[in-house]
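Enquirer: Numbering (the numbering used here), first residue to last: 148 to 367. Even for Gly, the Cβ is constructed at its ideal location relative to N, Cα and C.
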Amino acid sequence: MMNGDQYPVTRGRDLNHVAWLYDPLVEKLSFGRERRFREKTISCMDIQDTDRILDIGCGTGSLTLLLARRITAPGEVIGIDAAPRMIAIARQKAAKKHSPAYFQVGIAESLSFADASFDWVVNSMFTHHIDSGLKEKAFAEMYRVLRPGGLLLTADIDRPTTAMGMLLGWGGRYLLLQPELEDNLLGRLADFMRGAGFVEVEKKAHLHGLVSFFKARKPE
Ligand SMILES: C[S@@+](CC[C@H](N)C(=O)[O-])C[C@H]1O[C@@H](n2cnc3c(N)ncnc32)[C@H](O)[C@@H]1O
148 MMNGDQYPVT RGRDLNHVAW LYDPLVEKLS FGRERRFREK TISCMDIQDT DRILDIGCGT
208 GSLTLLLARR ITAPGEVIGI DAAPRMIAIA RQKAAKKHSP AYFQVGIAES LSFADASFDW
268 VVNSMFTHHI DSGLKEKAFA EMYRVLRPGG LLLTADIDRP TTAMGMLLGW GGRYLLLQPE
328 LEDNLLGRLA DFMRGAGFVE VEKKAHLHGL VSFFKARKPE
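(1) Over what stretch of residues does the beta strand (DSSP E) that includes Thr-301 continue unbroken?
(2) Confirm the yes/no value for this check: CB of Arg-161, any heavy atom of ligand 1, distance under 7 Å.
(3) I want to check one thing, is the minimum distance from the CB of Thr-301 to the heavy atoms of ligand 1 below 7 Å?
(4) Which whole-angstrom value is the C-beta distance of Phe-360 and Leu-336, which I expect to be below 8 Å?
(5) Leaving out the 5 sequence neighbours to the left and right, which residues in its chain are closer than 7 Å to Leu-315 when beta-carbon positions are compared?
(6) Compute the beta-carbon to beta-carbon distance between Glu-327 and Ile-277, rounded to the nearest angstrom, for a pair I have assumed lies under 8 Å.
(7) Who are Leu-201's beta bridge partners in DSSP?
(8) Quick check: what's the CA-CA separation for Gln-325 versus Ala-237?
(9) In whole angstroms, what separates the C-alpha of Ile-227 from that of Arg-160?
(10) Since Leu-354 sits in a beta bridge, which residues does DSSP pair it with?
(11) Whose CA, out of His-355, Gly-206 and Thr-157, lies closest to the CA of Ser-177?
(12) Check whether the stretch 277 to 286 touches the stretch 179 to 191, taking contact to mean three or more Cβ pairs, one atom from each stretch, closer than 8 Å.
(13) With C-beta atoms as the reference, is Ala-352 less than 8 Å away from Phe-286?
(14) Would the beta-carbon of Met-233 fall within 8 Å of that of Thr-207?
(15) On a CA-only basis, which of Arg-364, Asn-163 and Trp-317 is nearest Val-252? Give me that one, please.
(16) Output yes if chain C places a C-beta closer than 8 Å to the C-beta of Asn-270; else output no.
(17) Run through the stretch 227 to 267 for me and flag every whole alpha helix (DSSP H) of 4 or more residues, listed as ranges in chain order.
(18) What first and last residue would you give for the alpha helix (DSSP H) that runs through Leu-368?
(19) Gly-280: beta carbon under 7 Å from a heavy atom of ligand 1?
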């Protein structure tokens, strides 16, 4: 389905309405540790200079832009997000930094890319915005657009391992009325990856008792 402006519509929680607030809010809520989180994400990926990378639910493109600094042509880094205003901000940031990263509005559950067209698919703090049915579709789409042997990196909320993680995670679930968080908090992300066909699903790191970094591979 398309909205009035001809963008694909998702039933996931897109952040179009708060796009303008996203970067300042992330900076405040992470107590200035956002850059470390991004570096941690990239450190879980062994990227080659000419890889083609797709960042799904890229938001304002902070991770996409950092990834683009590692890549040279014919490699390419593309960010997609369901929220047109997030993409508009990402494009402004890219223009300001003279980055070759490319951004487009798109939805994870129905990607507009050809089969086997990426070496890496990455998504950061995205899956807790979509319900179980969309998670199934989104991971199936990530699998489809990866080349055989291609790699997935998902950084997102996972089963809490500390009291603070429990409080933040389950507090978020019930105080913010966000049922989409539940799969993550119950530790089901790896099941969605395996269900889509990914193998070698591995937890590379875990931060703040709440966020895990999963790496997985599409079989050759
Ligand atoms: C918490 S933000 C994460 C943004 C960015 N990846 C980051 O690490 O800062 C989640 C993003 O997912 C987007 N989103 C929600 N549902 C989506 C969908 N079905 N397809 C693509 N993006 C979606 C939202 O608009 C939002 O920008």
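Expert: Short version:
(1) Here residue 301 is taken as the residue at index 154 of the sequence shown, counted from 1. Per DSSP, the unbroken beta strand (DSSP E) holding Thr-301 starts and ends at 293 to 304.
(2) As a first step, residue 161 must be located in the sequence shown, where it is residue number 14. Note on residue identity: the sequence assigns Asp, not Arg, to residue 161. Indeed, a heavy atom of ligand 1 lies less than 7 Å from the Cβ.
(3) For the purposes of this step, residue 301 is taken as residue 154 along the sequence shown, with counting starting at 1. Result no, Cβ not under 7 Å from ligand 1.
(4) Against the sequence shown, residue 360 aligns to sequence position 213. Against the sequence shown, residue 336 aligns to sequence position 189. That pair is no contact at about 11 Å.
(5) On the sequence shown, residue 315 is found 168 positions in, with the first residue counted as 1. Once the five neighbours on either side are set aside, the close Cβ partners of Leu-315 are Leu-357.
(6) Locating residue 327 in the sequence shown gives position 180, counting from the first residue. Locating residue 277 in the sequence shown gives position 130, counting from the first residue. Right, the Cβ-Cβ distance comes to about 6 Å (below 8 Å), so this counts as a contact.
(7) Taking the sequence shown and counting its residues from 1, the one referred to as residue 201 is at position 54. Ile-225 and Val-268.
(8) Reading the sequence shown from its first residue, position 178 is the one you call residue 325. Reading the sequence shown from its first residue, position 90 is the one you call residue 237. Taking the straight line joining both Cα atoms gives about 25 Å.
(9) Position 80 of the sequence shown, counted from the first residue, corresponds to residue 227. Position 13 of the sequence shown, counted from the first residue, corresponds to residue 160. Pairing Ile-227 with Arg-160, the inter-Cα distance amounts to about 15 Å.
(10) What you label residue 354 is simply residue 207 of the sequence shown in a count that begins at 1. Answer is Val-358.
(11) For the purposes of this step, residue 177 is identified with residue 30 of the sequence shown, where counting begins at 1. Checked all of His-355, Gly-206 and Thr-157; the closest Cα to Ser-177 is His-355.
(12) No: the two stretches stay apart, fewer than three of their Cβ pairs being nearer than 8 Å.
(13) Residue numbering aside, residue 352 sits at position 205 when the sequence shown is read from its first letter. Residue numbering aside, residue 286 sits at position 139 when the sequence shown is read from its first letter. Taking 8 Å as the Cβ cut-off, Ala-352 and Phe-286 do not qualify as a contacting pair.
(14) In the sequence shown, counting from the first residue as 1, residue 233 sits at position 86. In the sequence shown, counting from the first residue as 1, residue 207 sits at position 60. The criterion of a C-beta distance shorter than 8 Å is satisfied by Met-233 and Thr-207.
(15) For this step, residue 252 is matched to residue 105 along the sequence shown. By alpha-carbon distance to Val-252, the top candidate from Arg-364, Asn-163 and Trp-317 is Asn-163.
(16) Protein chain content of the structure displayed is limited to a single chain, and chain C is not contained in it.
(17) Whole alpha helix (DSSP H) segments, 4+ residues: 231 to 243.
(18) There is simply no residue 368 to check, as the chain begins at 148 and stops at 367 in what is shown.
(19) Here residue 280 is taken as the residue at index 133 of the sequence shown, counted from 1. For ligand 1, not one heavy atom lies less than 7 Å from the Cβ of Gly-280.
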